[in-house]
Amino acid sequence: MANTITALANTMFAAARKTPNELTGILGACTRDFNDQGASKGDTVKVSVVPTMTSSAFTASQTFTAGANRTISTKSLALANESQVSWHWTGEEERQLANGGVGSDVAMQTFQQAFRTMRNEIESYAWLKARAAASRGVGTAGTAPFGSTINILNSTKQLMLDNGVAEGDQSLVINTAAGTNLRNLGHLYKANEAGSAEMLRQGIIGNLSGFNIRESAAVVSVTAGTGSTTYVTNTPAAATLAVGTTTIGLDTGSGTILAGDVITFTGDTNKYVVTTGITAAGDIVIAEPGLRQTLADGVASAVGAAASANIAMHRSGLVTVVRPSLQPEGGGHENMVVTDPDSGLSYLVTRSVGHGLASWYTKCVYDCFAPNPYAINQLLG
Numbered sequence: 009m010a011n012t013i014t015a016l017a018n019t020m021f022a023a024a025r026k027t028p029n030e031l032t033g034i035l036g037a038c039t040r041d042f043n044d045q046g047a048s049k050g051d052t053v054k055v056s057v058v059p060t061m062t063s064s065a066f067t068a069s070q071t072f073t074a075g076a077n078r079t080i081s082t083k084s085l086a087l088a089n090e091s092q093v094s095w096h097w098t099g100e101e102e103r104q105l106a107n108g109g110v111g112s113d114v115a116m117q118t119f120q121q122a123f124r125t126m127r128n129e130i131e132s133y134a135w136l137k138a139r140a141a142a143s144r145g146v147g148t149a150g151t152a153p154f155g156s157t158i159n160i161l162n163s164t165k166q167l168m169l170d171n172g173v174a175e176g177d178q179s180l181v182i183n184t185a186a187g188t189n190l191r192n193l194g195h196l197y198k199a200n201e202a203g204s205a206e207m208l209r210q211g212i213i214g215n216l217s218g219f220n221i222r223e224s225a226a227v228v229s230v231t232a233g234t235g236s237t238t239y240v241t242n243t244p245a246a247a248t249l250a251v252g253t254t255t256i257g258l259d260t261g262s263g264t265i266l267a268g269d270v271i272t273f274t275g276d277t278n279k280y281v282v283t284t285g286i287t288a289a290g291d292i293v294i295a296e297p298g299l300r301q302t303l304a305d306g307v308a309s310a311v312g313a314a315a316s317a318n319i320a321m322h323r324s325g326l327v328t329v330v331r332p333s334l335q336p337e338g339g340g341h342e343n344m345v346v347t348d349p350d351s352g353l354s355y356l357v358t359r360s361v362g363h364g365l366a367s368w369y370t371k372c373v374y375d376c377f378a379p380n381p382y383a384i385n386q387l388l389g
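Taking this note's numbering, the leading residue of the sequence shown gets 9, the next gets one more, and so forth.
Structure (structure tokens):
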């Protein structure tokens with residue numbers, strides 16, 4: 009890289025520390041130590057996935073047979089996104105700011121807003137990925153949870169337990185409406201009932217039912233697809249789909265079913281999240297572990313209404329990769345990598361000087377994927 013921007017180093021690091029901090033619960037809840045060092049933008053990083061295994065009866069014998077076959081699949085993360093925030097100052101503007109004694113303050117606020125914009129963009133992207141990858145949902149679309157009781161949290165926990173998600177390092181990332189409802193539940197302020205005085209003293213929701221409760225400004229209401237209730241299941245040869253099936257044929261209906269939508273089937277109380285949708289009759293895909301009960305041919309389906317998808321997840325469910333962009337050697341550029349201490353995100357800050365004008369850029373490469381969708385569920389609100 010070219011020269012370091014030493015003159016403004018302290019200003020940039022101070023700005024990163026003082027950046028206005030919208031809530032970024034998803035970034036705090038997902039895996040962030042994924043090894044991407046050998047990957048450039050556009051490269052694909054593959055992760056091996058071992059399928060579930062079955063048991064069989066054992067009979068003692070003098071001979072043996074080969075172990076069962078299995079197919080190791082892969083899931084891919086393509087580092088597809090590179091984003092920047094840019095601005096410029098002319099030499100005359102820099103002099104004017106310096107003469108007015110506000111140059112350092114304006115520079116700090118500019119860096120603050122740049123880091124803030126980048127962080128919020130990545131948080132929203134990660135939330136959308138988690139929403140679309142989730143396995144199942146619980147709760148009522150359009151109604152923020154915890155309005156009068158905490159019971160829905162236990163139903164959310166049951167989804168995680170039924171999916172075999174490991175205890176520990178589980179988070180529930182909620183929007184501020186759900187967070188307010190939680191804070192309004194009076195017993196959470198009683199240290200003897202909540203197990204901690206943090207809610208009362210610091211307004212921290214803390215850990216409930218094994219979830220680290222985090223809030224995120226990215227959790228917003230999303231309009232569902234237009235798929236009509238006339239979509240019915242269309243199974244091969246009119247057979248019954250087995251528990252664990254993830255690809256489900258639908259026909260006779262119309263409209264869209266989108267990734268992230270919640271779909272239900274008559275006679276099944278489970279709310280499944282669609283990972284691959286349709287725009288007309290065809291096959292939808294739901295996330296693993298798939299169907300929780302068998303599904304016959306000709307069963308009616310229904311797509312849920314618009315909802316805010318609060319996310320229950322184990323840290324292993326979602327991987328997010330963020331790194332500073334790369335700048336070629338040489339040229340009239342000064343570069344420095346700055347890390348936001350609140351989110352841990354690192355950006356490349358570049359200053360490029362032209363004729364009487366300096367342009368500034370804050371850049372990073374990022375993407376995320378869900379290697380373990382069974383470890384992610386939606387709490388509708």
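Quick reminder that beta carbons are idealized off the backbone N, C-alpha and C, glycines included.
- In the DSSP assignment, Lys49 falls outside any beta strand (DSSP E), carrying neither H nor E.
- Rounded to the nearest whole angstrom, the C-alpha separation of Arg300 and Cys376 is 27 Å.
- Annotated three-state conformation of Asn385 is strand, per DSSP.
- Under the three-state reduction of DSSP, Ile34 is assigned to helix.
- If you compare the alpha carbons of Ser94, Asn343, Gly252 and Ile256 with that of Ala308, the shortest gap goes to Ile256.
- One Cα belongs to Phe154, the other to Gly306, and the distance between them is close to 36 Å.
- Just measuring C-alpha positions, the residue of Thr118, Val293 and Thr79 sitting nearest Thr283 is Val293.
- The beta carbon of Lys371 sits closer than 6 Å to the beta carbons of Gln92, Ser333 and Leu356 from its chain, once the five residues preceding and following it are set aside; these are given in chain order.
- By the 16-neighbour rule on beta-carbons within 10 angstroms, Ala142 is buried.
- For Arg359, the number of other beta carbons within 10 angstroms of its own is at least 16, and it is reported as buried.
- Listed in chain order, the non-local C-beta contacts of Val361 below 6 Å within the same chain comprise Gly340, local neighbours out to five positions each way being set aside.
- For Asp375, there is no enclosing alpha helix (DSSP H); the enclosing beta strand (DSSP E) covers residues Leu365 to Phe377.
- Of the residues Met344, Trp368, Asp291 and Met116, the one whose Cα lies closest to the Cα of Pro244 is Asp291.
- DSSP, reduced to helix, strand and coil, places Gly187 within a helical segment of the structure shown.
- For the 8 Å CB-CB criterion, Ile319 and Ile384 form a contact.
- Collapsing the DSSP output to three states places Asn192 in a helix.
- Its Cα nearest to that of Ser324, the residue Ala378 stands out among Glu101, Ala378, Trp95 and Ala246.
- Counting only runs that start and end inside the region 98 to 178, the beta strand (DSSP E) elements of at least 3 residues fall at 144 to 147.
- One alpha carbon belongs to Gln104, the other to Val114, and they sit about 12 Å apart.
- Taking C-alpha positions only, Leu180 is separated from Tyr133 by approximately 17 Å.
- His363 sits exposed, since fewer than 16 C-beta atoms from the chains shown fall within 10 Å of its C-beta.
- The three-state secondary structure of Ser236, taken from DSSP, is coil.
- Boundaries of the beta strand (DSSP E) around Ala320: Ala315 to His322.
- Following the DSSP letters along the chain, one finds Gly257 inside the beta strand (DSSP E) bounded by residues Thr255 to Asp259.
- One alpha carbon belongs to Leu190, the other to Glu337, and they sit about 52 Å apart.
- In terms of Cβ geometry, Leu258 and Gly233 do not form a close pair [threshold 8 Å].
- Here the alpha carbon of Asn343 sits roughly 15 Å from the alpha carbon of His96.
- Under the three-state reduction of DSSP output, Pro332 falls in the strand class.
- Judged by DSSP in its simplified three-state form, Gly312 adopts coil rather than helix or strand.
- When the beta-carbon positions are compared, Ser224 and Thr32 come within less than 8 Å of each other.
- Boundaries cannot be given for Glu296, as no beta strand (DSSP E) includes it and DSSP labels it neither H nor E.
- Secondary-structure assignment with DSSP links Asp276 through a beta bridge to Phe273.
- According to DSSP, Arg222 shares a beta bridge with Val181.
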